[in-house]
Amino acid sequence: MADAPNSYRTGPDERGHFGQFGGRYVSETLMPLLLDLEKEYARAKEDPAFLAELAELNRVYIGRPSPLYYAERLTEHLGGAKVYFKREELNHTGAHKINHAIGQVLLAKRMGKTRVIAETGAGQHGVATATVAARFGLECTVFMGAVDIERQKPNVFRMKLLGAEVQPVTSGSATLKDAMNEALRNWVTNVHDTFYIIGTVAGPHPYPMMVRDFQSIIGIETREQIMEAEGRLPDRLVACVGGGSNAMGLFHPFLDEPTVAMDAVEAAGHGVDTDQHAASITGGTPGVLHGNRTYLLQTPDGQIAEAHSISAGLDYPGIGPEHVWLHEAGRVNYVSATDDEALAAFRLTAELEGIIPALESSHAIAHIIRIAPDLPKDHVIVLNLSGRGDKDIFTVAKALGADIA
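The numbering of the sequence shown is full-length UniProt numbering, which starts it at 1 and goes up by one.
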């Protein structure tokens, strides 16, 4: 473990690094735009008009604040710690992704861009991007792996209804990694009029910082709501992590609170001891992908390995650089849950709470199912319910052997 810094909330440095991770590894074509974006974002953060417009859209368009809900029946069933859900699945479009999409589209407008592009895995970020593009009258193209298009048909249809072009990607494993590759290639050739709305806390600086900042509203609201509900801070925060945007949004406002433990749950797929998982911290090593240095799943000769998760949103061979820094600093505990554990958590939450969680969030719930019974009854856990599971019902039905086609 590295020496603890005075604060875990001051990064990145002026070159976009969290320790040795992060940075800006891109072609010369993109560098001027990224530098312009960094400057424009710095100006926007100090602009009362920008902040007021963002706050108003958060309130009347997204529906914030999202509720903090005491999961009473799940708590009673587990027989240990008290479990609260931060209900990000109740946001407009059904996931936390709208939080950073709305912020980035406002920046696109400030920079005079007329077109936005995005990559998506589970489709929630694609839907969020298509939604804000429609709201602000911008052309929109969403890159999506062919495999993900097949397993996320409802979200593909939603994006098209919203006026977006969904561009299938058939290279590689035809999943999120390959969609991001294509989005970056498209951006290079259309940099004059196009803004890339990145869907997680990864990519070249300033994206990891910028997406984190827009998502931090989750943790800011949680702090106020848990103080009202319990009169104190939570003992533990739990969130699923692929790229890591929802986890970073929940964690960041609490990073300097030493009494608050944090668990981030990666997708273990068929098991982290197999080659069929997406646990980049548990099973990855340092490398460079998609414009930043981070932990990646790699073959022994340094090629990017294919990730696997039943959840399309977690099916990515990397993770945001700030997460890696927090892992090496020992501030956040990174664990994993398998496909089977996530499926069991998905069903249990539906049956006990009347809430169908996203398969991504189900990985975090699976972790709570493991640990809550052995924790005291006054131990307070807040889990970020990052998205709703409507989009996953075909995947779950197939896994359970049900025919709903």
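Virtual Cβ for every residue (Gly too), placed ideally from N, Cα, C.
On the CB-based measure, 16 or more other CB atoms within 10 Å of its CB, does residue 303 come out buried or exposed?
exposed
Residue closest to residue 164, alpha-carbon to alpha-carbon, out of 129, 24, 372, 388
129
Backbone CA spacing between residue 356 and residue 392 [nearest angstrom]
9 Å
Identify, in the order they occur along the chain, each residue of the same chain with its Cβ nearer than 7 Å to the Cβ of residue 372, setting aside the five sequence neighbours on each side.
78, 80, 81, 83, 381
Look up residue 188 in the DSSP assignment and say whether it is helix, strand or coil.
helix
Test item: CB-CB of residue 117 and residue 194 under 9 Å
yes
Among 72, 115, 23, 210, nearest to residue 44 - alpha-carbon criterion
210
Classification of residue 11 by the beta-carbon crowding that lies within 10 angstroms, buried from 16 upward
buried
Span separating the alpha-carbon of residue 296 from that of residue 132:
31 Å
Would you kindly work out how many angstroms separate the C-alpha atoms of residue 105 and residue 376, rounded to a whole number?
44 Å
Give a yes or no on whether the C-beta atoms belonging to residue 361 and residue 385 are separated by under 9 Å.
yes
Whole-angstrom C-beta distance between residue 248 and residue 322, which should lie under 8 Å:
6 Å
Which whole-angstrom value describes the C-beta separation of residue 267 and residue 279, a residue pair presumed to lie in contact below a C-beta threshold of 8 Å?
6 Å
Buried or exposed: residue 39, going by 16 or more other Cβ atoms within 10 Å of its Cβ?
exposed
Run the CB neighbour count on residue 99, radius 10 Å, all protein chains shown included, and call it buried at 16 or more, exposed below.
buried
Locate the alpha helix (DSSP H) running through residue 316, then write down its first and last residues.
First-last for residue 316: undefined, no H or E at that position.
Output the boundary residues of the alpha helix (DSSP H) element that contains residue 48.
48-57
Does DSSP put residue 155 in a helix, in a strand, or in coil?
helix
Out of 301, 370, 17, point me to the one whose CA is closest to residue 294's CA.
17
Assign residue 246 to one of two classes, buried (16 or more other C-beta atoms within 10 Å of its C-beta) or exposed (fewer than that).
buried
Near residue 151, what residues of its chain come up, given a Cβ to Cβ distance below 8 Å and the 5 sequence neighbours on each side ignored?
312, 394, 395
By DSSP, does residue 132 sit in helix, in strand, or in coil?
helix
Let me know the beta strand (DSSP E) ranges lying completely inside the stretch 237-271, each 3 residues or longer, listed in chain order.
261-269
Can residue 292 and residue 21 be called in contact, C-beta distance under 9 Å?
yes
CB-CB length for residue 315 against residue 175, believed under 8 Å
5 Å
8 Å CB neighbourhood of residue 285 in its chain, flanking five on each side removed:
295, 296, 298
Which same chain residues end up closer than 6 Å to residue 172 when comparing Cβ atoms and leaving out the 5 residues on each side of it in sequence?
178
Same chain, Cβ closer than 6 Å to residue 1, five either side skipped, listed in chain order
Summary for residue 1: the model assigns pLDDT 48, below 50, so the residue's position carries little reliability; its value from the coordinates is reported in the next sentence. So the qualifying residues of the chain are 330.
In its own chain, which residues sit with a C-beta less than 6 Å from the C-beta of residue 102, not counting the 5 before and 5 after it?
57, 132
Note down, in chain order, each residue of its chain lying with its Cβ closer than 7 Å to the Cβ of residue 207, except the 5 sequence neighbours on either side.
198
May I have the straight-line CA-CA distance separating residue 254 from residue 212, to the nearest angstrom?
13 Å
Could you compute how far the alpha carbon of residue 23 sits from the alpha carbon of residue 224?
33 Å
Identify the continuous beta strand (DSSP E) that holds residue 381 and give its terminal residues.
380-385
Pull up the DSSP beta-bridge partners for residue 406, would you.
Since the first residue shown for the chain is 1 and the last is 405, residue 406 is missing from the structure and cannot be characterised.
Which term fits residue 72, buried or exposed, when burial requires 16 or more other beta carbons within 10 angstroms of its beta carbon?
exposed
Secondary structure at residue 181, three-state DSSP: helix, strand or coil?
helix
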